[in-house]
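In what follows, a single structure is set out as structure tokens and then discussed.
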Amino acid sequence: MRPAVFLPFLILWLAAIPAGSSGVQNPAPPGRESVVLLHGLGRSGRSLKKLASRLARQGYLVVNLEYPTLERPIEYLAEMVLRPELERLQGFSPAKIHFVTHSMGGIVVRYYLQHHSLENLGYVVMLSPPNQGSEIVDHMKSIPLIKRLLSPAARELGTDRESLPLKLGRPGFKLGVIAGKKSHNPLNSLLIEGPDDGTVSVESARIAGMDDFLILPYSHRSILKSDKVIDQVLHFLKHGSFKRKPGG
């Protein structure tokens, strides 16, 4: 396989992003529900800005977490970035803490919740998560030069023995997953079996034990900007299920 096929992913995974910083979007009185947002690999909180704004307007205490996805492995991100942020958030005494994640952010939350408990844990919604690992990462790791350039977290997202998603157990929390089935990257889609969003396959997004699952016609990036997707996220956070047409 030609290295040129992976160029779009190298641009994504090697791009610089701000190191760990975060902030509550809309300070609220104790007893309000909170939502923690976790972006994907090589992205930043800016990618979730529209979602954060919609959540804030619904009255949620929003934390759009910035964390260094290109510098540390997933375990570090969960223990040394997410855990302290959640401890700080508890100081606001939220009634519930929900999570909404994009791509690798879902794996960070899975790792954290497998090793820690939250008494006020609410619902979790994952957008395009590589819950079964990524074939793209497998192919990238098969080329020595490209493998050396991958970040520690990226190396953990394949489907081989290093795969962290495959080592994690079933979710012990209320989980809704939305997968995309529209790709703007035909070269990458050639490496993925079945329908995909240009980065993650529909089947990889699935996980045994999830409570609800939707497949929508969006790509790995456009799924973050869709009002229909955000409406579904809001519905799940309120009802614990996605909204469907009567009889659907």
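All residue numbers for the sequence shown refer to our numbering, where the first residue is 7 and numbers rise by one. We put the beta carbon where it would ideally sit given N, CA and C, even for glycine.
- Look at the stretch 41-99 and you find these whole runs of beta strand (DSSP E), each 3 residues long or longer: 67-71.
- Within the same chain, Cβ atoms closer than 6 Å to the Cβ of residue 107 are found at 44, 115, 132, the five residues on either side in sequence being excluded.
- Per the Cβ contact rule, the stretch 238-249 is not in contact with the stretch 70-84 (fewer than 3 Cβ pairs under 8 Å).
- Residue 242 carries a helical assignment under DSSP once its states are collapsed to helix, strand and coil.
- Rounded to the nearest angstrom, the gap between the Cα atoms of residue 129 and residue 177 is 11 Å.
- A direct Cα-Cα distance of roughly 6 Å separates residue 238 from residue 249.
- According to DSSP, residue pairing for residue 207 in a beta bridge involves 202.
- Within the stretch 98-122, the complete beta strand (DSSP E) segments of 3 residues or longer fall at 103-108, listed in chain order.
- Judged by DSSP secondary structure, residue 132 falls within the beta strand (DSSP E) whose first and last residues are 127-133.
- Minimum Cα-Cα distance from residue 99 among the listed residues 154, 38, 46 corresponds to 38.
- In this structure, residue 171 and residue 136 form a Cβ contact; the two beta carbons are roughly 6 Å apart against a cut-off of 8 Å.
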